[in-house]
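Note sheet for the following structure.
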Amino acid sequence: MKLPYGITDFKKIRDNDLLYIDKTKYIELLEELNADYLFFIRPRRFGKSLFLSTLDYYYDLNHDAEFDKLFKKLYIGHNPTSKRNSYMVLKFNFSGLKTDSKSELEDSFRKTILRGLINFLQYYRVFFSNVEEIVTQLVNEKDLKHMMEIVFMAVKLINKKIYLIIDEYDHFANDIIAMGDSRYYQDIVRARGFVRDFYETLKIGTQEVIDKLFITGSSPIMLDDLTSGFNITLNITMDPMTNEMLGFTENEVASIISQAQANINFPDWDMIKKQLKEYYNGYLFNQDSDQRVYNPEMILYYFDYFLRHKVPPRELITDNVKIDYGRLERLTINQKNREVLEEIIKSGGITANIISRFSFDRSFDQKYFVSLLFYMGLLTIDKVVRTRLLLKIPNLVIKTIYWEYFEQKIRKT
Numbered sequence: 370m371k372l373p374y375g376i377t378d379f380k381k382i383r384d385n386d387l388l389y390i391d392k393t394k395y396i397e398l399l400e401e402l403n404a405d406y407l408f409f410i411r412p413r414r415f416g417k418s419l420f421l422s423t424l425d426y427y428y429d430l431n432h433d434a435e436f437d438k439l440f441k442k443l444y445i446g447h448n449p450t451s452k453r454n455s456y457m458v459l460k461f462n463f464s465g466l467k468t469d470s471k472s473e474l475e476d477s478f479r480k481t482i483l484r485g486l487i488n489f490l491q492y493y494r495v496f497f498s499n500v501e502e503i504v505t506q507l508v509n510e511k512d513l514k515h516m517m518e519i520v521f522m523a524v525k526l527i528n529k530k531i532y533l534i535i536d537e538y539d540h541f542a543n544d545i546i547a548m549g550d551s552r553y554y555q556d557i558v559r560a561r562g563f564v565r566d567f568y569e570t571l572k573i574g575t576q577e578v579i580d581k582l583f584i585t586g587s588s589p590i591m592l593d594d595l596t597s598g599f600n601i602t603l604n605i606t607m608d609p610m611t612n613e614m615l616g617f618t619e620n621e622v623a624s625i626i627s628q629a630q631a632n633i634n635f636p637d638w639d640m641i642k643k644q645l646k647e648y649y650n651g652y653l654f655n656q657d658s659d660q661r662v663y664n665p666e667m668i669l670y671y672f673d674y675f676l677r678h679k680v681p682p683r684e685l686i687t688d689n690v691k692i693d694y695g696r697l698e699r700l701t702i703n704q705k706n707r708e709v710l711e712e713i714i715k716s717g718g719i720t721a722n723i724i725s726r727f728s729f730d731r732s733f734d735q736k737y738f739v740s741l742l743f744y745m746g747l748l749t750i751d752k753v754v755r756t757r758l759l760l761k762i763p764n765l766v767i768k769t770i771y772w773e774y775f776e777q778k779i780r781k782t
């Protein structure tokens with residue numbers, strides 16, 4: 370058994386015969402939805418990038434000849450949809466943008482868009498007769514809206530359609546939350562801010578060339594602010610269909626354990642199963658679902674170490690699942706937030722309703738704050754109590770990394 374720990378490229382995993390938990394049935398399920406523009410969020414390190422990579426290779430028309438090689442042993446290989454390998458895939462990833470100032474962020478945002486558009490044109494250059502000319506136009510164009518329109522027009526002229534993938538859509542907004550600068554945020558997202566202009570241009574693009582859209586992130590922090598300019602997406606984050614779309618189910622973890630047992634002679638597999646459940650399981654994203662999911666990053670970390678050393682890791686928590694403590698620091702400043710945290714630490718959970726969309730300004734209000742903790746993966750659904758949800762700390766990893774940190778911060782104040 371060869372594990373893809375740290376690898377998020379679907380083709381690399383398939384080409385090297387690495388472990389792949391088949392999630393391709395969700396491609397079919399997503400197409401069956403009465404919506405082409407989807408919004409989906411999960412906590413960090415929960416498999417979003419690999420799922421996006423899977424969508425990329427499935428829909429990319431340049432990978433048509435490789436379809437059988439990549440997918441024939443998977444669910445979608447036996448049940449291909451009519452849309453497979455029929456799109457030009459345009460990708461943007463907004464992680465790593467410079468947020469020290471509005472001007473730096475705008476420049477970084479523009480360069481990310483420019484790089485994405487140029488990569489798109491170069492990758493599909495065989496379909497265009499004038500790629501170099503279009504690239505020159507893009508490099509000389511300062512306006513984001515016009516840059517996008519140039520590429521959209523080029524695609525329209527060759528009668529093709531785009532599948533647009535946006536990863537880490539909220540990454541820079543989360544950095545701004547850590548700063549606590551609401552004016553900075555308002556300037557870029559509201560009114561005529563460049564982020565708002567970008568999404569308004571995408572909305573216009575859906576009328577002619579963007580046929581499908583999939584957006585991911587770790588919080589719905591910008592959804593409310595973008596509503597009037599970008600109100601076309603269906604939020605499937607808490608849909609019962611997507612509860613197990615990312616993360617590993619009990620049966621999927623059992624299959625990994627079974628393969629590990631074939632490789633390693635270990636005396637106490639029951640201890641391992643118990644350890645995995647206590648530390649990595651517990652996530653539930655829909656109240657009507659009956660399967661909790663494991664953090665996939667942690668499961669792969671655990672078995673990567675186990676296969677190499679023939680014993681379980683002593684350190685059961687990898688730094689890869691940690692989020693920016695600066696953001697957490699900002700969240701503990703508000704007195705009402707501290708009271709919420711104290712209640713959760715004392716009782717192990719809290720009763721609340723999950724808010725599906727909210728703005729930066731509301732992220733420090735109690736009910737929105739609790740929802741933010743849920744989206745960040747610091748709380749998960751336990752059960753329904755009358756008309757509300759009882760949220761709890763999902764597992765020992767989250768309790769150890771974050772809630773002990775919160776407890777220490779509250780004591781110091």
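In our numbering, the protein residues as written are 370 to 782. Backbone N, C-alpha and C define an ideal beta-carbon position, used for all residues, glycine too. Everything numeric in this text was worked out from a predicted model, so none of it was measured.
inquiry  = Relative to the C-alpha of leucine 645, which candidate in Val662, Asn632 and Leu653 has its C-alpha closest?
reply    = It is Val662 whose Cα lies nearest to the Cα of leucine 645.
query = Across which residues does DSSP place lysine 460 in a beta bridge pair?
reply = Ile534
query = What is the DSSP secondary structure of valine 578, counted as helix, strand or coil?
reply = coil
ask   = Which residue comes first and which comes last in the beta strand (DSSP E) that contains isoleucine 410?
value = Note, isoleucine 410: beta strand (DSSP E), 406 to 410.
key: Contacting residues, own chain, Cβ-Cβ under 8 Å from arginine 494 (five flanking each side not counted)   = For arginine 494, where only same-chain residues beyond five positions count, the Cβ hits under 8 Å are Val500.
query = Closer than 8 Å, CB to CB, is serine 498 near chain B or not?
reply = Structure shown: chain B not included; a single protein chain is present.
key: Cβ contact (3+ pairs, closer than 8 Å) linking the stretch 464 to 474 and the stretch 527 to 542   = yes
key: Distance between beta carbons of tyrosine 737 and phenylalanine 727, contact taken as under 8 Å   = 5 Å
task = Report the residue ranges of all alpha helix (DSSP H) runs contained in full by the stretch 729 to 758; include only those spanning at least 4 residues, in chain order.
result = 735 to 744
inquiry  = For lysine 530 and valine 458, which I take to be in contact (beta-carbon distance under 8 Å), what is that distance rounded to the nearest angstrom?
reply    = About 10 Å; that fails the 8 Å criterion.
ask   = Out of curiosity, what's the CA-to-CA distance linking proline 763 and isoleucine 686?
value = Between proline 763 and isoleucine 686, the C-alpha separation is close to 14 Å.
Residue interval of the alpha helix (DSSP H) (run including alanine 783) = Examination of residue 783 is not possible in this model, given that the chain is present from 370 through 782 alone.
query = For the beta strand (DSSP E) that isoleucine 719 lies in, which residues bound it at each end?
reply = 718 to 721
query = Near glutamine 628, what residues of its chain come up, given a Cβ to Cβ distance below 6 Å and the 5 sequence neighbours on each side ignored?
reply = Met370
task = May I have the straight-line CA-CA distance separating valine 754 from glycine 651, to the nearest angstrom?
result = Near 18 Å, if we compare the C-alpha coordinates of glycine 651 and valine 754.
inquiry  = Closest to threonine 450 by C-alpha separation, out of Met607, Asn488 and Tyr428, would be which residue?
reply    = Of Met607, Asn488 and Tyr428, the smallest CA-CA separation from threonine 450 is found for Tyr428.
message = Tell me the residue span of the alpha helix (DSSP H) that contains leucine 372.
response = Segment: none, leucine 372 is in no alpha helix (DSSP H) and carries neither H nor E.
task = State the DSSP-derived secondary structure class of phenylalanine 583, mapped to helix, strand or coil.
result = strand
query = Taking the runs of the alpha helix (DSSP H) that are 4 residues or longer, which of them lie wholly in the stretch 638 to 703?
reply = 638 to 649, 665 to 678 and 694 to 700
message = Out of Glu502, Phe436, Val680 and Ile584, which one is the CA nearest neighbour of methionine 640?
response = Val680
query = Do leucine 747 and isoleucine 724 have their CB atoms nearer than 8 Å?
reply = no
ask   = Over what stretch of residues does the alpha helix (DSSP H) that includes aspartate 437 continue unbroken?
value = 436 to 440
query = So the alpha helix (DSSP H) methionine 516 belongs to, where does it begin and stop?
reply = 513 to 526
key: Environment of threonine 505 [buried if 16+ CB atoms lie within 10 Å]   = Threonine 505 sits exposed, since fewer than 16 C-beta atoms from the chains shown fall within 10 Å of its C-beta.
request  = Taking the CB atoms as reference points, tell me whether asparagine 655 and asparagine 612 lie closer together than 8 Å.
outcome  = The Cβ atoms of asparagine 655 and asparagine 612 sit closer than 8 Å to each other.
task = Taking only the alpha-carbon atoms, compute the straight-line gap between phenylalanine 635 and phenylalanine 567 and give it to the nearest angstrom.
result = 54 Å
query = Do the stretch 569 to 587 and the stretch 765 to 781 make contact, defined as three or more Cβ pairs closer than 8 Å?
reply = no
inquiry  = With H, G and I counted as helix, E and B as strand and the rest as coil, what does DSSP make of aspartate 593?
reply    = helix
message = On the DSSP letters alone, give me the boundaries of the alpha helix (DSSP H) that lysine 394 sits inside.
response = 394 to 401
request  = In the DSSP assignment, find the unbroken alpha helix (DSSP H) run with glycine 446 in it and report its ends.
outcome  = 444 to 447
Pick from Gln576, Leu710, Leu388 and Phe497 that is closest to leucine 526, judged by C-alpha positions = Phe497
key: Environment of methionine 607 [buried if 16+ CB atoms lie within 10 Å]   = It is buried - the Cβ of methionine 607 has at least 16 other Cβ atoms within 10 Å.
key: glycine 485, buried or exposed, once every other Cβ within 10 Å from all chains shown has been counted against 16   = buried
message = Just to confirm the assignment, what range does the alpha helix (DSSP H) spanning glycine 485 have?
response = Per DSSP, the continuous alpha helix (DSSP H) segment holding glycine 485 begins and ends at 471 to 492.
query = Hey, quick one: how far does the alpha helix (DSSP H) through serine 422 stretch, first residue to last?
reply = 417 to 428
query = If you compare alpha carbons, which of Ser418, Asp536 and Ile590 is closest to serine 551?
reply = Ile590
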